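Take a look at the structure set out below.
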Amino acid sequence: MTDKTQGAVRVRFAPSPTGYLHVGGARTALFNWLFARCQHGTMILRIEDTDAERNKPELVTGILDGLKWLGVEWDEGPFYQSQRTELYREAASKLLANGSAFLCYCPAEKYAGGDHAEPGQDEEPKGGGARRVTRCSCRDGKPSTPGVKPAVRFKVPLGGATKFTDVVFGETGFANDEIEDFVLLRSGKGDEEFGQSMYQLGVVVDDIDMRITHVIRGADHLSNTPKQVLLYRALGAEPPLFAHVPLILGADKKRLSKRHGATDVNMYRAEGYLPEAFRNFLVLLGWSPGNDDQYLRTSELIERFSLEGVSRTNGVFDQDKLAWFNTQYLQKLPIEELLPEVEAVLKRANLWREEWAAGAAPGPDGRDHAWFSRTVDLLRPRVRLLPDFATWSRAFFSDDFPIEQAARDKFWKDPKVPELLARQADALAALPEWNHDACDHASRAVAEAAGVKAGLLINACRVAIVGQAVAPPLFDTMVALGQERVVTRLRKTLRVN
RNA sequence: GGCGCUAUGGUGCAACGGUUAGCACGCGGCCCUUUCAAGGCCGAAAUACGGGUUCGAUUCCCGUUAGCGCUACCA
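Residue -17 is where the first sequence starts when you use our numbering, and the numbers rise one by one after that.
Listed below in structure tokens is the structure:
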């Protein structure tokens, strides 16, 4: 919690559409959302698309989808910075007018994109002990260069320091001489006098305009913060509270990137992770409720979230732990919440039947919603990812399924198997009642009569009716499949194998 | 190179001057067992290093080392 809670809390998540929704960004969004919810505040979504060159508008949809999947909802927006250009230009002229900014005529191409870019100065070496040049020679006024359109730079105070208190990192200070005269507004192109706003100006102007009270963002912005604090003051505004959250690293402790595996949130959705599991995992990376609790559902997360629980150390994205969370949720999620996810997966695999929907009439084989629910419940302890319901569990939803070679090799190698399965089929076909115990007793009787261990029959039978060595307990499986299917599959196995 | 931030098992977090340094993932073993999971029990595994401060440091301070971040007319 924070000390100054006068007025309602207003936070924002401000992604840039230069890529997909990265897990780091997703976590930042999550923290903002959780904070907004637990403070009964407002969550705002803002798209920071001021760089026309890198910006890919079509990426916004994916970002929004990713947020929605994670359950991160916003109350206002999305606002697009590309549509707020006037606001930034007004702010820039205000800064120009009050002496906080100046026009810079240094040629843009000279510095653009280069590692060695130094404002206003020529080839200053980057390393080598030479003092870095942070002051632009245009800052004290310079005659306009014909043919060169100026950019607007901030006139950073000479000497002194800019300090601020970060909610998670504490007191932080930077010597002003370390801060360069950063660009506020790009120089104009074509007949435009000025171009788009730069990041620093845009965030500050918007955060003021949107009355943001808490800026929760990645720690990579820690070093940018003094620039922004300076801007707030120059604009005559009070800075918000800053809360920087640690970065997410790959297994090698390097910044998380593609080579560490998936970093796109939508890829996890595609792979079949449950959003609640993914979120639970993500929120615990860099945040702790203060004790050893780990399994936290949405309501608990909202209730227990606090900025004080945010860690200061970068964390490694652990795929194994994510997988564990997913299996936990697959098992513990209330069945009604799991069913829609399974339905979606089956539809995608063309295995879904409308009679399994809630309230629908049973199909010709007697299967209805209750059967579907029971079956999913039976299957879920062994499922690792959602698509497993359509692949690994295929034999439960379709009569068209393969018999795995590895399963035959493992459980059909005993020469007595065909004979056993034939007797099993007859015994099961003769059962007047079809339930777990009936199947159990009948099967064990068959094994006993044949003088083999029940396990031999059970395992062989499993392969015959679901095609795999791995499945739920056999007699439960038989009940889920139904008498007719089980007998049919057994006899078909004897015919074709 | 400069500036900033960080430092508890392999990984994520607890312990916020006094604990046999706790939990979880992963790893190894055992139990359960009808395959595979799940579950239960047990085990290996950590305070980066060096100085202080203190009766007492994982905890506070300084240095070293390491990692990360920023150092763009990117965000």
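Glycine residues also receive a C-beta, built at the ideal position from the N, C-alpha and C atoms. Given the structure is predicted, the values throughout are model-derived calculations rather than measurements.
Check	Outcome
Would you list the residues sitting across from T24 in a DSSP beta bridge?	R(-8)
From G48 to R477, what distance separates their C-alpha atoms?	49 Å
How many angstroms separate the CA atom of K151 from the CA atom of A157?	Here residue 151 is Phe; the residue named in the question, Lys, does not match the sequence. Answer to the nearest angstrom: the Cα atoms are 18 Å apart.
Could I get the ranges of all uninterrupted alpha helix (DSSP H) runs contained in the region 162 to 249, with 4 residues as the minimum, in chain order?	181 to 191, 207 to 216
Is it the case that the Cβ atoms of N37 and T0 are separated by a distance below 8 Å?	yes
When you compare only the Cα positions, how much space is there between Y254 and P369?	Residue identity differs from the one stated: residue 254 is Gly in this sequence, not Tyr. One C-alpha to the other measures close to 6 Å.
So D163 and R117 are in contact, right, with Cβ under 8 Å, and what is the actual spacing, rounded?	6 Å
For the alpha helix (DSSP H) that contains P60, what are its first and last residues?	Not the alpha helix (DSSP H): P60 falls in the beta strand (DSSP E), residues 58 to 62.
Can you find the residues in the same chain that come closer than 7 Å, C-beta to C-beta, to L384, ignoring five residues on each side of it along the sequence?	Checking the sequence shown, residue 384 turns out to be Pro, not Leu. If we look at P384 and ignore the five residues flanking it on each side, its Cβ neighbours are G449.
Which class does A83 belong to by DSSP, given the choice of helix, strand or coil?	strand
Below 7 Å CB to CB, which residues in the same chain sit around R272 once its five sequence neighbours on both sides are set aside?	The sequence given here places Gly at residue 272; Arg does not occur at that position. Taken in chain order, the residues that qualify are G291.
Would you mind stating whether I284 and R(-6) have Cβ atoms separated by less than 8 Å?	no
Could you please give the first and the last residue of the uninterrupted alpha helix (DSSP H) stretch that includes D370?	Segment: none, D370 is in no alpha helix (DSSP H) and carries neither H nor E.
Taking C-beta to C-beta, are A216 and I190 nearer than 8 Å?	no
Helix, strand or coil for V54, going by three-state DSSP, please let me know.	coil
Would you check if the distance between the CB atom of F378 and the CB atom of L463 is smaller than 8 Å?	yes
Determine the direct distance from the alpha carbon of D300 to that of G53, and round the result to whole angstroms.	21 Å
Once you ignore the five residues that flank R405 on each side, which residues in its own chain have a CB closer than 6 Å to its CB?	V428
Between which two residues does the beta strand (DSSP E) carrying P135 extend?	Correcting the residue type first, residue 135 is Arg in the shown sequence and not Pro. Its beta strand (DSSP E) spans residues 133 to 136.
Can you tell me whether E282 is buried or exposed? The criterion is at least 16 other CB atoms within 10 Å of its CB, across all chains shown.	exposed
Taking L333 and S355 to be in contact with their CB atoms under 8 Å, please state how far apart those CB atoms are, rounded to whole angstroms.	About 16 Å separates the two Cβ atoms, so there is no contact after all.
Looking at C-alpha atoms only, which residue of F260, V186, K395 is the closest neighbour of Y70?	V186
Which residues share a DSSP beta bridge with V292?	W269
Compute the distance between the beta-carbons of F136 and L223, then report whether it is under 8 Å.	no
Are R(-8) and M192 close, meaning C-beta to C-beta below 8 Å?	yes
Which residues share a DSSP beta bridge with H4?	D246
Can you give the Cα-Cα distance for I45 and A407, rounded to whole angstroms?	54 Å
Taking a contact to mean a Cβ-Cβ separation below 8 Å, would you say N308 touches L266 in this structure?	no
Go through the region 431 to 468 residue by residue and report every complete run of the alpha helix (DSSP H) that reaches 4 residues or more, in order.	436 to 448, 456 to 463
Would you call the CB atoms of E337 and A343 closer than 8 Å?	yes
Do the CB positions of A133 and C86 come within less than 8 Å of each other?	yes
State the Cα-Cα distance for the pair G172 and P89, rounded to the nearest angstrom.	15 Å
At what residues does the alpha helix (DSSP H) containing F393 begin and finish?	387 to 393
According to DSSP, I29 sits in a beta bridge with which residue or residues?	Y62
Do P454 and L360 have their CB atoms nearer than 8 Å?	yes
Run the CB neighbour count on H423, radius 10 Å, all protein chains shown included, and call it buried at 16 or more, exposed below.	exposed
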